[in-house]
Amino acid sequence: MKAWWTLAAAGVAAVVAFGTGLAVGLPPVQTEKPRRNSWEVSALFPTPVIGAGVAVVLDRLIGAYWPVLGVVSGVFAAVFVKNIEKVFPRPDQG
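Okay, so the sequence shown: first residue is 5 according to my numbering, each after it adds one.
Next comes the structure, spelled out in structure tokens:
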């Protein structure tokens, strides 16, 4: 039963991260082409992936499997991705 709550928290985190990413001004998808070689962040990738990952890690560390945890980690992920280039600078294009 706990696995379903973990999955629910990860799903909620992904949806909230995408919505919050759009709200903070991230583009919906990468504009650079080809997208597989793009280092540009967007609301579609990597925001929901980071949100779901943070929700699962917090679930495993804390042991709390609430969907509210997904909301908190989704908002955190969107704000983190918005400012990610301040933490991890963009690699040289060479």
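A virtual CB, placed ideally from N, CA and C, is assigned to each residue, including glycine.
- With a cut-off of 8 angstroms on Cβ pairs, the region 74-93 is in contact with the region 46-58, counting three or more such pairs.
- Residue pairing for Pro50: DSSP places it in a beta bridge opposite Ser46.
- A Cβ-Cβ contact shorter than 7 angstroms links Gly78 with Ala21.
- In this structure Ala17 is in contact with Gly55, their Cβ atoms being roughly 4 angstroms apart against a cut-off of 8 angstroms.
- In the DSSP annotation of this structure, Ala68 is not part of any alpha helix (DSSP H), being labelled neither H nor E.
- Close CB contacts of Ala13 within its chain, under the 7 angstroms cut and outside five residues either way in sequence, are with Ala59, Asp63, Tyr69, Trp70, Pro71, Leu73, Gly74 (chain order).
- A straight line joining the alpha-carbon of Pro32 with that of Ser46 spans about 6 angstroms.
- For Lys90, the uninterrupted alpha helix (DSSP H) segment begins and ends at 88-91.
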